[in-house]
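Here the structure comes first, spelled out in structure tokens, and everything after it is commentary.
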Amino acid sequence: MVAGGATTKKAGLVVVLVAACALPFFLSGFRVFQFTQVYIYAIALLGLNMLTGYNGQFSLGHGAFYAIGAYTTAIMIDKWNIGYGWTIPIAGVICLVVGFLFGWPALRLEGLYLALATLSLALATPQILKYFEHWTGGSQGIVLSKPKAPLGLPLSEDQWLYFLTLAILITLFVVAANLLSGRTGRAIVAIRDNHIAAETMGINSALYKTTVFGISAAYTGVAGALSAVAIAFVAPDSFSAFLSITLLTGIVIGGLATISGAIFGAMFIQFVPNWALDISKAAPWAIFGIFLIVFMYVMPRGIAGSLRLLWIRMTRPAVVNRQAEGDVSPRSTPHST
Amino acid sequence: MSLPKRLVALSVALAVAALAAPGMAGAQTVVGVTATEIKIGNTNPYSGPASAYGTIGKAIGAYFKKVNDEGGINGRKINYISYDDQYTPPKTVEMVRKLVEQDQVAFLFQTLGTPPNSAIHKYMNEKKVPQLFVATGATKWNDPKNFPWTMGYQPNYQTEGRIYAAYVLKNVPDAKVGILYQNDDYGKDYLKGFEDGLGDAAKKLIVMKQSYEVTDPTIDSQIVNLKNSGANVFFNITIPKFAVQAIKKSHDIGWKPLHFLNNVSSSLGTVLKPAGLDASKGLITALYMKEITDPQWKNDKGYQDWVAWMKKYYPEGALDDQSNAFGYNVAILMTQVLKQCGNDLSRENIMRQAANVKNFELPLLLPGIKVNTSPTDFAPIEQEQLAKFDGERWAIFGEMVEAVRK
Amino acid sequence: MDIFVQQVVSGLATGGIYASLALALVMIYQATDVVNFAQGEMAMFSTYICWTLLQAGLPYWIAFVATLAIAFLGGLLIERVVIRPVENAPILTIVIVTLGLVFILNSVAGWVYSYIQKPFPSPFPSQPIKVGQIVLGAHDLGAIGVTLVVLLLLFLFFRYTTLGLAMRAAAQNPASSRLCGIRVGWMLALGWGLAATFGAVAGIMIAPNIFLDPNMMTGIQIYAFAAATVGGFTSPVGAVVGGFIVGVTENLVGTYVSFIGTELKLTVALAMIIIVLLVKPSGLFGRSIVRRV
């Protein structure tokens with residue numbers, strides 16, 4: 000590893016962090032709200048990426064965990080007057096348990112079939128939410144209030160939510176980075192690449208897989224909880240299968256098995272549909288579809304994946320060509336950023 | 000330049016770009032209004048499962064184009080900005096915030112759907128921006144005391160349900176009621192009105208309820224169950240696609256109950272004809288608009304004006320889609336309210352004038368039905384008329400029913 | 000007893016709808032190892048093309064055959080032009096590309112034809128067929144018949160023709176197939192073309208009952224996935240049987256299990272997927288994939 004590389008990366012991160020903290024004071028409330036959404040998606044995408052990108056378990060149903068997190072928060076605030084601050088970690092824990100429990104039967108399923116099973120979960124979610132009307136408010140949903148900044152801080156509601164989300168994002172990212180580097184990370188990736196070999200080496204693949212499922216669900220649940228607070232409204236229509244598909248799109252576009260991919264992916268799914276609308280009022284989703292396809296042609300490894308390839312090309316030109324050309328298999332990925 | 004320096008330069012560029020993003024409102028005294036323009040905001044589902052309703056948003060735009068072509072309102076042209084929210088509340092919140100905070104519209108008009116409108120209800124009232132004539136039949140939009148900036152438009156679903164219930168109680172001894180409803184806020188609202196209307200008798204009279212999802216391919220199975228329950232009254236709460244199936248299947252299996260069809264699916268052209276005009280004989284519905292595929296309105300001036308307008312300003316819209324008539328009608332009401340504002344287009348006055356519509360007639364409302372609002376009455380249209388299909392047209396019968404307000 | 004039989008019969012009719020689209024899904028999966036999320040939208044778009052031809056005045060069966068031909072070419076082209084560039088990319092990348100197709104097809108259909116539902120004609124008489132107390136739509140019966148005929152043709156094609164054999168080989172072992180001189184790329188394209196054709200048949204058979212609109216396949220595709228999963232993604236017969244099973248079970252649960260009733264009908268169908276997957280992960284008729292270490 001080139002010595003300058005690490006300091007450059009650190010400098011880059013600091014700059015980005017400073018910019019992120021300054022943003023809410025220069026942008027309108029609406030833009031701050033949009034960026035808060037981006038961070039919320041990024042948390043959810045990081046969760047999904049852990050499961051699908053790093054651990055190879057395809058999930059098309061993470062929208063369900065997002066919904067569980069959102070409704071946990073909404074019900075706790077609405078029915079029991081619990082402070083929103085407490086609901087977020089509680090939502091995370093509940094999703095951790097549910098995800099872990101879902102992970103057990105998921106062990107039996109591979110690839111396509113796991114994807115379909117999780118898709119079923121996503122599709123059933125709105126109907127189940129409507130069924131338990133007494134708790135969930137049925138199709139009418141639950142209306143919440145946006146929280147004000149605590150301790151009399153001179154922040155607008157939008158700015159406060161922005162910083163809260165950013166703080167949670169950074170914390171969760173650091174936790175994920177630690178988890179995914181080192182022994183645990185290597186075990187998780189090993190299970191994805193060749194789980195039979197991994198087992199032979201003594202990795203308890205069942206335990207790892209279910210735990211990753213749980214953690215992944217927890218992250219997405221926290222994102223859902225934050226979204227309930229930020230939007231101040233939950234309804235079954237907000238959690239259709241489209242949400243799960245959007246999340247999957249986000250991690251693939253952002254870059255599977257990368258941490259920075261979560262941010263790139265989140266920006267894509269938040270802003271590109273709006274851009275598509277600006278380009279064509281008549282068929283905006285066709286434009287979005289074209290964006291998707293073109294992105295996948297130009298960057299089959301996602302934005303983060305392609306950036307990493309670019310970085311390698313720039314810093315290690317001699318080694319690059321052999322590596323890039325031979326590196327066609329989707330299985331071999333360098334360590335995460 | 001070394002890489003760290005490059006990164007700093009990049010971030011400075013980003014910061015500059017962020018600063019350039021629109022932030023503060025312009026120095027206008029009246030938001031969304033200039034000497035030459037009124038900005039009106041709207042969200043509609045132009046894509047996604049509810050996209051069939053998106054034509055309402057387009058029809059409204061087409062009507063405002065006509066208004067602009069004819070000189071505008073008191074010299075001001077309408078700048079109509081409508082965004083797609085895909086019927087997803089978080090998207091509605093985002094688009095509405097964009098309209099209010101970035102596009103700086105004067106007010107919102109005909110935002111569509113109950114969950115989308117619920118999501119922005121509090122926001123609009125906190126920001127004191129008029130949320131006018133929302134396109135949903137839910138009951139909660141008529142609450143001027145708690146939500147003084149939100150106003151409904153169409154007769155609400157619960158009222159219609161109550162009308163049918165009242166009819167059953169009055170005219171059908173030994174009624175056994177079967178209900179088919181869409182499993183969402185629209186279906187459940189109708190259901191609630193009907194059950195409330197039956198009162199204590201509801202439990203005894205309703206023998207079976209069957210629901211369906213909008214994504215279901217058919218409801219044949221539900222119809223079979225309803226027939227089997229022995230019901231002799233059928234309350235059909237379905238959108239056009241399923242209403243056709245319901246009418247056809249009931250006819251095919253020889254089930255002939257007293258059949259109440261909800262107003263949403265009362266179109267002759269898109270529902271009764273495909274289901275079979277013969278099979279549809281005897282259907283009862285409650286109307287407040289002229290049904291545009293009903294031959295009895297062929298020579299009506301209001302209908303002909305509408306057709307002329309469609310051909311000129313919205314040629315790609317379907318002439319048998321009642322939604323296009325709906326959009327036209329409500330846009331005329333909006334134009335009237337703006338006319339009443341004169342030169343004072345502040346949000347307060349717009350709201351005041353919206354709550355000050357007296358006996359206003361719209362060309363596609365049934366004769367005798369008038370728009371009325373007041374500071375305590377935020378339900379512009381409250382009258383409906385029962386009608387029975389005689390094989391050719393919706394024959395109006397009985398007296399006009401006024402909504403019973405709690 | 001009557002209502003039981005009637006619900007079973009209605010379930011078979013609905014199941015036939017799921018089965019026809021499930022066949023197309025399984026077809027592509029067998030030929031290319033890709034689950035095509037755009038299958039439903041391709042079928043919907045083909046149906047719109049048929050509608051356009053009918054509006055132009057062509058007689059029904061001519062429009063039908065013309066649409067199948069156009070769909071076949073369309074499927075072929077999509078594979079060669081849209082999917083080819085990412086053929087060797089990770090599987091999820093290909094999935095996202097098919098997702099892009101979904102958006103494009105849906106949005107263009109809505110733009111060109113608008114979102115209002117359109118009636119679509121059926122070649123079968125509209126009078127219901129009555130057998131005792133049981134009523135069955137003639138169209139439903141006809142649609143099931145067409146699905147079964149298609150299944151039979153597919154079976155014969157794969158079993159007894161050289162081309163069918165080549166396609167199966169190309170899907171199972173592309174490397175060895177190339178060594179035998181099979182043009183694997185074109186086999187994939189052929190697979191997509193055929194699947195698009197079946198999708199078109201499904202769409203044309205479905206539209207009369209549920210009306211033509213850009214979103215008509217959204218709900219059905221869910222059930223088609225359920226059918227294909229239950230029956231097994233590696234078995235066309237399984238897809239069809241799966242479709243019937245899903246249709247009938249849905250109806251029977253909705254009728255007889257009162258605490259579930261109709262408000263959880265979809266959930267039931269989906270729970271079925273999960274249960275089948277847990278008990279027999281490759282579906283009822285599927286072959287388990289044995290992985291060599």
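Residue numbers (numbering that gives the first Met the number 0), protein chains in the order written: chain A, 0 to 336; chain B, 0 to 405; chain C, 0 to 292. Glycine included, C-beta positions come from ideal geometry on N, C-alpha and C.
Using DSSP with H/G/I as helix, E/B as strand and the rest coil, what is C:Ser-9? Stepping through the third sequence from its first residue, residue 9 of chain C is reached at position 10. Three-state DSSP puts C:Ser-9 in a helix.
For the structure I just gave you, are there three or more beta carbon pairs, one from the region 72-91 of chain B and one from the region 330-344 of chain B, closer than 8 angstroms? Yes, since at least three Cβ pairs between the region 72-91 of chain B and the region 330-344 of chain B fall closer than 8 angstroms, the two stretches touch.
Contact check, A:Leu-255 vs A:Gly-301, beta carbons under 8 angstroms: Looking up residue 255 of chain A in the first sequence gives position 256. Looking up residue 301 of chain A in the first sequence gives position 302. Yes.
Considering only residues of the same chain and omitting the five flanking positions on each side of C:Pro-124, which have a CB-CB separation below 6 angstroms? On the third sequence, residue 124 of chain C is found 125 positions in, with the first residue counted as 1. Hits under 6 angstroms: Ala-137.
Identified DSSP bridge partners for B:Asn-43: For the purposes of this step, residue 43 of chain B is taken as the residue at position 44 of the second sequence. Per DSSP, B:Asp-83.
In terms of alpha-carbon separation, which member of A:Ala-175, A:Asn-177 and A:Lys-208 lies closest to A:Arg-191? For the purposes of this step, residue 191 of chain A is identified with residue 192 of the first sequence, where counting begins at 1. Here the closest residue by C-alpha is A:Lys-208.
Out of B:Gly-326, B:Gln-221, B:Ile-349 and B:Ala-51, point me to the one whose CA is closest to B:Leu-131's CA. Here residue 131 of chain B is taken as the residue at index 132 of the second sequence, counted from 1. From the listed residues B:Gly-326, B:Gln-221, B:Ile-349 and B:Ala-51, the smallest Cα separation to B:Leu-131 is found for B:Ile-349.
Would you mind reading off the limits of the beta strand (DSSP E) that contains C:Leu-135? Within the third sequence, the letter at position 136 stands for residue 135 of chain C. Element bounds for C:Leu-135: 133-135.
Three-state class that DSSP yields for C:Ala-88 in the structure shown: Translated into the one-based positions of the third sequence, residue 88 of chain C becomes position 89. Note: C:Ala-88 maps to coil in three-state DSSP.
Nearest-angstrom Cα separation, counted from B:Gln-221 out to B:Tyr-211: Stepping through the second sequence from its first residue, residue 211 of chain B is reached at position 212. Stepping through the second sequence from its first residue, residue 221 of chain B is reached at position 222. Taking the straight line joining both Cα atoms gives about 8 angstroms.
Identify whether C:Glu-262 lies in helix, strand or coil by the three-state DSSP scheme. Against the third sequence, residue 262 of chain C aligns to sequence position 263. It is helical.
Looking only at its own chain, which residues have a Cβ that is under 6 angstroms from the Cβ of A:Ala-229, when we skip the five neighbours before and after it? As a position in the first sequence, residue 229 of chain A is number 230, starting the count at 1. Taken in chain order, the residues that qualify are Thr-35 and Leu-160.
Using only CA atoms, which one of A:Thr-7, A:Pro-272 and A:Val-92 lies nearest to A:Thr-71? For the purposes of this step, residue 71 of chain A is taken as residue 72 along the first sequence, with counting starting at 1. Selected option, being the one with the closest Cα: A:Val-92.
I need the straight-line Cα distance from A:Ala-265 to C:Val-148, nearest angstrom please. As a position in the first sequence, residue 265 of chain A is number 266, starting the count at 1. As a position in the third sequence, residue 148 of chain C is number 149, starting the count at 1. Looking at the two C-alpha atoms, the distance is approximately 47 angstroms.
Give a yes or no on contact between the region 46-56 of chain C and the region 201-217 of chain C, applying the rule of three or more CB pairs nearer than 8 angstroms. yes
Any beta carbon of chain B sitting closer than 8 angstroms to that of A:Val-337? It is not possible to answer for residue 337 of chain A, since the shown part of chain A is limited to 0 through 336.
Among all the DSSP beta bridges, which residues are the ones paired with B:Thr-284? Taking the first residue of the second sequence as 1, we reach residue 284 of chain B at position 285. Per DSSP, B:Ala-386.
Helix, strand or coil for A:Leu-9 per DSSP? Taking the first residue of the first sequence as 1, we reach residue 9 of chain A at position 10. In the sequence as presented, Leu is not what sits at residue 9 of chain A; that position holds Lys. In the structure shown, A:Lys-9 sits in a helix (DSSP, three-state: H, G or I).
Just reading off the alpha helix (DSSP H) that A:Phe-287 is part of, what are its end residues? Within the first sequence, the letter at position 288 stands for residue 287 of chain A. Counting along the chain, the alpha helix (DSSP H) containing A:Phe-287 begins and ends at 283-297.
For the region 198-220 of chain B, which residues have a CB atom closer than 7 angstroms to at least one CB atom of chain C, in sequence order? For chain C, the residues of the region 198-220 of chain B that bring a beta carbon within less than 7 angstroms of one of its beta carbons are Gln-209, Ser-210, Tyr-211, Glu-212, Thr-214, Asp-215, Pro-216, Thr-217, Asp-219 and Ser-220, in chain order.
Leaving aside the five residues before and after C:Val-309 along the sequence, list all residues of the same chain whose C-beta is less than 6 angstroms from its C-beta, in chain order. Nothing about residue 309 of chain C can be read from this structure; chain C reaches only from 0 to 292.
Write down every uninterrupted run of the beta strand (DSSP E) in the region 344-402 of chain B whose length is 3 residues or greater and which is fully enclosed by it, in chain order. List check, beta strand (DSSP E) in window: 382-388 and 393-395.
DSSP state of B:Gln-209 mapped onto helix, strand, coil: Counting from one through the second sequence, the residue named residue 209 of chain B turns up at place 210. Strand at B:Gln-209.
Distance, B:Tyr-287 Cα to C:Val-278 Cα: Translated into the one-based positions of the third sequence, residue 278 of chain C becomes position 279. Translated into the one-based positions of the second sequence, residue 287 of chain B becomes position 288. When rounded, the distance between both Cα atoms is 55 angstroms.
Assigned secondary structure, A:Lys-78 (DSSP; H/G/I helix, E/B strand, else coil): The residue given as residue 78 of chain A occupies position 79 in the first sequence. Looking at A:Lys-78 - three-state DSSP - the assignment turns out to be helix.
Could you compute how far the alpha carbon of A:Thr-124 sits from the alpha carbon of A:Gly-223? In the first sequence, residue 124 of chain A corresponds to position 125, counting from 1. In the first sequence, residue 223 of chain A corresponds to position 224, counting from 1. If you take the alpha carbons of A:Thr-124 and A:Gly-223, they lie about 14 angstroms apart.
B:Ala-278 touches chain C at which residues, Cβ-Cβ below 7 angstroms? Against the second sequence, residue 278 of chain B aligns to sequence position 279. Correct list: empty, because the minimum Cβ distance to chain C is about 11 angstroms.
Within its chain, find whatever has a CB closer than 6 angstroms to the CB of A:Ala-275; leave out the 5 residues flanking it on each side and keep chain order. In the first sequence, counting from the first residue as 1, residue 275 of chain A sits at position 276. Pro-283, Ile-286 and Phe-287, listed in sequence order.
How long is the line joining the alpha carbons of B:Asn-141 and B:Thr-149, rounded to whole angstroms? Residue numbering aside, residue 141 of chain B sits at position 142 when the second sequence is read from its first letter. Residue numbering aside, residue 149 of chain B sits at position 150 when the second sequence is read from its first letter. When rounded, the separation of the alpha-carbon atoms in B:Asn-141 and B:Thr-149 is 8 angstroms.
Quick check: what's the CA-CA separation for A:Ile-250 versus A:Leu-45? Within the first sequence, numbered from 1, the residue matching residue 250 of chain A stands at position 251. Within the first sequence, numbered from 1, the residue matching residue 45 of chain A stands at position 46. Those two C-alpha atoms are separated by around 8 angstroms.
Sheet register partners of B:His-258 (DSSP bridge): For this step, residue 258 of chain B is matched to residue 259 along the second sequence. When DSSP reads this structure, B:His-258 sits in a beta bridge with B:Phe-233.
Pull up the DSSP beta-bridge partners for B:Ile-37, would you. Residue numbering aside, residue 37 of chain B sits at position 38 when the second sequence is read from its first letter. Its beta-bridge partners are B:Val-32 and B:Ile-77.
Flag this pair as touching only if the region 100-112 of chain B and the region 163-183 of chain B have three or more C-beta atom pairs under 8 angstroms; answer yes or no. no
Which of the three DSSP states is assigned to A:Thr-135 in this structure? On the first sequence, position 136 is the one that residue 135 of chain A refers to. Helix, per DSSP.
Taking 6 angstroms as the limit between beta carbons, can you name the residues of its chain near B:Gly-281, skipping five residues before and five after? As a first step, residue 281 of chain B must be located in the second sequence, where it is residue number 282. Closer than 6 angstroms at the Cβ level, and outside the excluded window around B:Gly-281, lies no residue.
Is it buried or exposed for B:Asp-343, if we count other Cβ within 10 angstroms and need 16 for buried? In the second sequence, the residue the question calls residue 343 of chain B occupies position 344. Its Cβ having fewer than 16 others within 10 Å, B:Asp-343 is exposed.
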